[in-house]
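Protein sequence lines, in the order shown, are assigned to chains A and B. The first sequence begins at 3 in my numbering and counts up one residue at a time. The second sequence begins at 389 in my numbering and counts up one residue at a time. The beta-carbon is built from N, C-alpha and C at its ideal position, and this holds for glycine as well.
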Amino acid sequence: MGIRVQVGTFEPGRELDALHAANAGVGAVVGFVGYVRDFNEGREVGGMFLEHYPGMTEKALAKIADEAARRWPLLRVEVLHRIGRLEPGEPIVFVGTASAHRQAAFDACAFIMDYLKIRAPFWKKEDTGEGPRWVEGRDSDQEAARRW
Amino acid sequence: MIHVQYFARYRETLGVDSERLAWEEGFARLDDLRRHLLARGGDWAVLGERNLMCARNQELCGLDEPLADGDEVAFFPTVTGG
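What follows is the structure in structure tokens.
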């Protein structure tokens with residue numbers, strides 16, 4: 003299991019390939035990549051700053067990944083989340099799961115993202131044409147995690 | 389001593405990212421500490437928001453969480469990562 007919180011960008015393709023490397027027992031790899039959009043809630047977004055809670059962030063992500071590994075037969079789990087300044091089009095988050103069969107990898111990946119959205123201490127502050135604004139949490143994110 | 393941290397919009401509104409408070413017997417639960425801070429008035433009303441989240445020793449918890457001398461506590465708005 004790998005947990006990374008970093009300022010620098012990453013290559014989604016390379017992350018996905020790494021989940022399969024050195025383990026011929028892996029029959030299924032699922033990856034999710036989240037990107038910065040250039041538009042959100044009615045306003046153009048010129049970029050954003052991602053704040054986090056150093057120390058707790060890593061623990062919270064590890065706890066979510068551990069829970070996924072407890073629920074599904076996973077061979078690998080990787081969670082990578084960026085912090086700091088981000089521009090539109092850049093990747094923010096990567097969640098990758100590897101398993102012998104597809105369903106565990108699909109479900110575990112969705113589970114980790116759903117819980118990351120409501121439990122990991124990150125906050126987005128967007129730059130809009132009308133100045134910076136903090137992104138507010140959505141009720142739909144709470145709903146999404148309830149299905150698990 | 390209680391180490392209290394504030395993040396994101398709360399940190400900006402309050403103009404402080406962390407502080408250390410002398411331990412008081414009245415801080416039995418996290419909500420007691422929150423009420424103590426709310427009583428400062430003004431911008432501290434932000435800690436009365438419905439979507440407030442909190443953590444004790446870097447673990448998410450509820451406002452009914454028991455507190456102990458030496459704890460690290462954090463208050464923050466709903467998280468928005470991913």
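(request) Count the other CB atoms, across all protein chains shown, that sit within 10 Å of the CB of B:Gln-393; report buried if there are 16 or more and exposed otherwise. (result) Along the second sequence, one-based indexing puts residue 393 of chain B at 5. Result: buried.
(message) Which residue wins for smallest C-alpha separation from A:Thr-130, given the options A:Val-31, A:Arg-45, A:Arg-6?
(response) In the first sequence, the residue the question calls residue 130 of chain A occupies position 128. Closest by alpha carbon: A:Arg-45.
(request) For A:Phe-12, name the three-state secondary structure that DSSP assigns. (result) For the purposes of this step, residue 12 of chain A is identified with residue 10 of the first sequence, where counting begins at 1. The answer is coil: DSSP assigns A:Phe-12 none of H, G, I, E or B.
(message) Going by the DSSP bridge assignment, what does A:Ile-5 pair with across the sheet?
(response) For the purposes of this step, residue 5 of chain A is taken as the residue at position 3 of the first sequence. In the DSSP output, where bridge partners are listed per residue, A:Ile-5 has A:Val-81.
(request) Please report how far the alpha carbon of A:Ala-67 lies from the alpha carbon of A:Gly-86, in whole angstroms. (result) The residue you call residue 67 of chain A lines up with position 65 of the first sequence. The residue you call residue 86 of chain A lines up with position 84 of the first sequence. C-alpha separation (whole angstroms): 23 Å.
(request) Could you work out which residue in A:Asp-19, A:Val-28, A:Leu-88, A:Val-9 is closest to A:Arg-107 when comparing CA atoms only? (result) As a position in the first sequence, residue 107 of chain A is number 105, starting the count at 1. One detail in the question is off: residue 107 of chain A reads as Ala in this sequence, not Arg. Measuring from the Cα of A:Ala-107, the nearest candidate turns out to be A:Val-28.
(message) Measuring straight from C-alpha to C-alpha, what distance separates A:Ala-100 and A:Val-35?
(response) Along the first sequence, read from residue 1 onward, the residue named residue 100 of chain A stands at position 98. Along the first sequence, read from residue 1 onward, the residue named residue 35 of chain A stands at position 33. For A:Ala-100 and A:Val-35, the distance between alpha carbons rounds to 15 Å.
(request) Tell me, to the nearest whole angstrom, how far the beta carbon of B:Gly-470 is from that of A:Lys-65; I am working on the premise that it is less than 8 Å. (result) Indexing the second sequence from 1 puts residue 470 of chain B at position 82. Indexing the first sequence from 1 puts residue 65 of chain A at position 63. The pair is not a contact, with the Cβ atoms about 16 Å apart (cut-off 8 Å).
(message) I'd like to know whether the C-beta of A:Arg-78 is nearer than 8 Å to at least one C-beta of chain B.
(response) Along the first sequence, one-based indexing puts residue 78 of chain A at 76. No, no contact with chain B.
(message) Considering only the alpha carbon of each residue, which of A:Ala-102, A:Phe-124, A:Glu-128 lies closest to A:Val-95?
(response) Mapped onto the first sequence, residue 95 of chain A falls at position 93. Nearest of A:Ala-102, A:Phe-124, A:Glu-128 to A:Val-95, Cα basis: A:Phe-124.
(request) Output yes if chain B places a C-beta closer than 8 Å to the C-beta of A:Pro-123; else output no. (result) The count along the first sequence starts at 1 and reaches residue 123 of chain A at position 121. Cβ-Cβ to chain B under 8 Å: yes for A:Pro-123.
(request) Identify the contact partners of B:Phe-464 in chain A, using a Cβ-Cβ distance below 8 Å as the criterion. (result) The residue given as residue 464 of chain B occupies position 76 in the second sequence. Going along chain A in sequence order, the residues near B:Phe-464 (Cβ under 8 Å) are Tyr-55, Pro-123, Trp-125.
(message) Below 8 Å on the Cβ atoms is my contact criterion, and I expect A:Tyr-37 with A:Gly-91 to pass it. Report the Cβ-Cβ distance as a whole number of Å.
(response) As a working note, residue 37 of chain A is residue 35 in the first sequence. As a working note, residue 91 of chain A is residue 89 in the first sequence. Contact flag correct, Cβ pair sits at about 6 Å.
(request) Please work out which residues of its chain come closer than 8 Å, Cβ to Cβ, to A:Ala-102, disregarding the five sequence neighbours upstream and downstream, and give them in chain order. (result) Position 100 of the first sequence, counted from the start, is the residue given in the question as residue 102 of chain A. Same-chain partners within the cutoff: Gly-27, Val-28, Gly-29, Ala-30, Pro-75, Leu-77.
(request) Flag A:Ile-120 as yes if its beta-carbon sits less than 8 Å from any beta-carbon of chain B, otherwise no. (result) Mapped onto the first sequence, residue 120 of chain A falls at position 118. Closer than 8 Å to some Cβ of chain B, the Cβ of A:Ile-120 qualifies, so yes.
(message) Looking at B:Met-441: is its Cβ nearer than 8 Å to the Cβ of B:Ala-410?
(response) Translated into the one-based positions of the second sequence, residue 441 of chain B becomes position 53. Translated into the one-based positions of the second sequence, residue 410 of chain B becomes position 22. Their beta carbons are not under 8 Å apart, which means B:Met-441 does not touch B:Ala-410 by this criterion.
(request) Thinking B:Arg-438 and B:Leu-455 are a contact (beta carbons under 8 Å), I'd like their distance in whole angstroms, please. (result) The residue you call residue 438 of chain B lines up with position 50 of the second sequence. The residue you call residue 455 of chain B lines up with position 67 of the second sequence. Not confirmed; about 22 Å, so no contact.
(message) DSSP three-state label for B:Leu-418, please.
(response) For the purposes of this step, residue 418 of chain B is identified with residue 30 of the second sequence, where counting begins at 1. B:Leu-418 falls in the helix class under three-state DSSP.
(message) Between A:Glu-82 and A:Leu-52, how many whole angstroms is the CB-CB distance? I'm expecting something under 8 Å.
(response) For the purposes of this step, residue 82 of chain A is taken as residue 80 along the first sequence, with counting starting at 1. For the purposes of this step, residue 52 of chain A is taken as residue 50 along the first sequence, with counting starting at 1. Note that residue 82 of chain A is Leu in the sequence shown, not Glu. Actually they do not touch by this definition, with Cβ atoms about 13 Å apart.
(message) Please classify B:Ala-433 as buried or exposed, where buried requires at least 16 other C-beta atoms within 10 Å of its C-beta.
(response) In the second sequence, counting from the first residue as 1, residue 433 of chain B sits at position 45. Label assigned to B:Ala-433: exposed.
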